[in-house]
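In terms of this note's numbering, the sequence shown is residues 15 to 345. Below: one structure, written as structure tokens.
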Amino acid sequence: MSIKNIRLEVMQAIEPKVEGFMDEFLIPTEKIWQPTDFLPDSQSDTFFDEVEQIRGEAKELGYDFWVTLVADTITEEALPTYESWLMDVEGIDQHNGKDNGWSKWVRAWTAEENRHGDVLNKYLYLSGRVNMREIEITTQHLISDGFDIGTDRDPYKNFVYTTFQELATNISHKRVGKMARKKGNGLLAKMCTIIAGDEMRHHLAYREFVKTIMGQDPDGMVLAFADMMKKKIVMPAHFLRESGGSIGEAFEQFSNCAQRLGVYTAQDYIEILKKLNDYWDIGNLRGLSDQAEKARVYLMKLPERLQRISERMQFSQQQYTFKWVEANGML
Ligand SMILES: [Fe+2]
Ligand SMILES: [Fe+2]
């Protein structure tokens with residue numbers, strides 16, 4: 015039997031449990047927060063005063079902060095890419111009736127995620143600090159360019175990727191929220207914190223998917239995990255570009271901003287890997303095939319190896335001016 019068929023069988027075996035995962039890790043639509051809960055109500059008489067307050071507070075935030083918030087927003091706005099990618103993953107069968115648990119999960123997860131780009135986009139628009147048209151062009155480019163996260167249609171690799179990324183976004187939204195609060199931007203801080211909370215629930219869910227698969231097919235899962243880490247977990251917005259730019263050009267500049275600001279760093283990458291190794295108990299897995307055992311050893315040694323590399327790593331301190339945000343002399 016090919017490896018492919020084992021994956022499909024495992025996905026089908028777990029599928030009846032997915033409904034339970036949805037109850038555990040997602041929040042019903044009628045109960046969860048919506049973007050308007052955190053934005054001025056445009057039907058209210060106090061709308062303009064509230065917008066005025068947002069614009070006043072926004073003046074306290076520096077250049078790297080805005081760039082990071084813009085790129086985070088665009089990353090969230092590229093949701094169509096993630097949904098279409100995940101729907102194509104083996105075992106997530108949206109055509110096999112509406113009742114396939116995995117495709118239900120992907121739709122419900124997407125529906126929760128959709129609120130992130132929505133609330134951030136509206137906030138950016140009201141803030142008066144960014145060039146919305148340039149942002150919109152980048153978003154359109156990014157969705158049109160798609161991505162290649164190196165997972166293929168493999169559910170194991172895709173779940174490793176999403177587990178990793180959901181925690182990475184939790185970290186970065188949380189830190190942006192803290193910075194906003196420090197600079198007196200209460201509303202923005204609340205938004206970022208609530209988004210970070212969603213990302214954490216999603217992280218816990220995907221990490222559970224992987225753990226469940228690990229119970230059924232440890233060899234395949236460990237090999238998939240190691241393979242993803244060998245390739246490195248790329249950011250979903252790795253193709254980011256500005257108007258007139260070429261694919262991926264803006265990404266490195268943005269990632270330097272996030273490093274400088276300390277919103278998401280090489281150290282965070284290592285910490286996430288350590289957490290995943292711990293939760294999936296990679297250290298204590300026994301009875302693997304020779305190949306999987308090698309992959310397991312690789313994963314256990316990887317954090318230390320990355321630590322040594324990251325200590326030598328340099329990122330640019332030079333500020334780059336993006337079309338999304340005009341320079342105002344504040345870093
Ligand atoms: Fe999100
Ligand atoms: Fe997410």
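No residue lacks a Cβ here, since even glycine has one placed at the ideal position from N, Cα and C. Owing to the predicted nature of the structure, the values given are computational and were not obtained by experimental measurement.
- A direct Cα-to-Cα measurement between TYR293 and GLY115 gives close to 24 Å.
- Around the C-beta of GLN179, 16 or more other C-beta atoms lie within 10 Å, and the residue is accordingly described as buried.
- ASP113 and PRO232 have their C-alpha atoms spaced approximately 27 Å apart.
- In this structure, ALA219 lies away from ALA92, with their beta-carbon atoms at least 8 Å apart.
- Across the structure, VAL339 and GLU266 are spaced so that their CA atoms are roughly 16 Å apart.
- For THR82, the enclosing alpha helix (DSSP H) has its first and last residue at 77-91.
- Taken from the Cβ of HIS216, at least one heavy atom of ligand 2 lies inside 7 Å.
- Distances from the CB of THR183 to the heavy atoms of ligand 1 include at least one below 7 Å.
- By the neighbour-count criterion, in which 16 or more other beta carbons inside 10 Å mark a residue as buried, HIS109 falls on the exposed side.
- For SER257, the secondary structure class from DSSP, reduced to helix, strand or coil, is coil.
- Considering only GLN332, PHE79, THR60, ASP59, the residue with the shortest C-alpha distance to ALA203 is PHE79.
- With a threshold of 7 Å, the Cβ atom of ILE209 counts as near ligand 1, since some heavy atom of the ligand is closer than that.
- Between LYS31 and THR226, the CB-CB gap stays under 8 Å.
- The alpha-carbon separation between GLY70 and GLY200 amounts to approximately 12 Å.
- Taking every protein chain shown into account, the CB of ILE106 has 16 or more other CB atoms within 10 angstroms, so this residue is buried.
- The closest heavy atom of ligand 1 lies less than 7 Å from the beta carbon of GLU90.
- Here the region 43-53 makes no contact with the region 228-243; the two share fewer than three CB pairs at distances below 8 Å.
- Judged by DSSP in its simplified three-state form, TRP294 adopts coil rather than helix or strand.
- In this structure ARG310 is in contact with ILE296, their Cβ atoms being roughly 6 Å apart against a cut-off of 8 Å.
- Here ASP102 has ARG167 as same chain residues with Cβ atoms under 8 Å from its own Cβ, once five neighbours each way along the sequence are excluded.
- Sixteen is the threshold: since fewer than 16 other Cβ atoms of the shown chains lie within 10 Å of the Cβ of GLN328, the residue is exposed.
- Rounded to whole angstroms, the gap between the alpha carbons of GLN281 and LEU320 is 9 Å.
- Here PRO169 is buried: its Cβ has 16 or more other Cβ atoms, across all protein chains shown, within 10 Å.
- With a beta-carbon spacing of about 6 Å, PRO49 and ARG129 fall inside the 8 Å limit used to define contacts.
- In this structure, the beta-carbon distance from ILE151 to SER257 falls below 8 Å.
- Judged by the Cβ position, GLU325 fails to qualify as a neighbour of ligand 1 at the 7 Å threshold, every heavy atom of the ligand being at least this far.
- In this structure, the C-beta of GLU180 approaches ligand 2 to less than 7 Å from one of its heavy atoms.
- Short note on GLU97: C-beta not closer than 7 Å to any heavy atom of ligand 1.
- At least one heavy atom of ligand 2 falls within 7 Å of the beta-carbon of GLU213.
- GLU126 is positioned such that its CB atom lies closer than 8 Å to that of ILE46.
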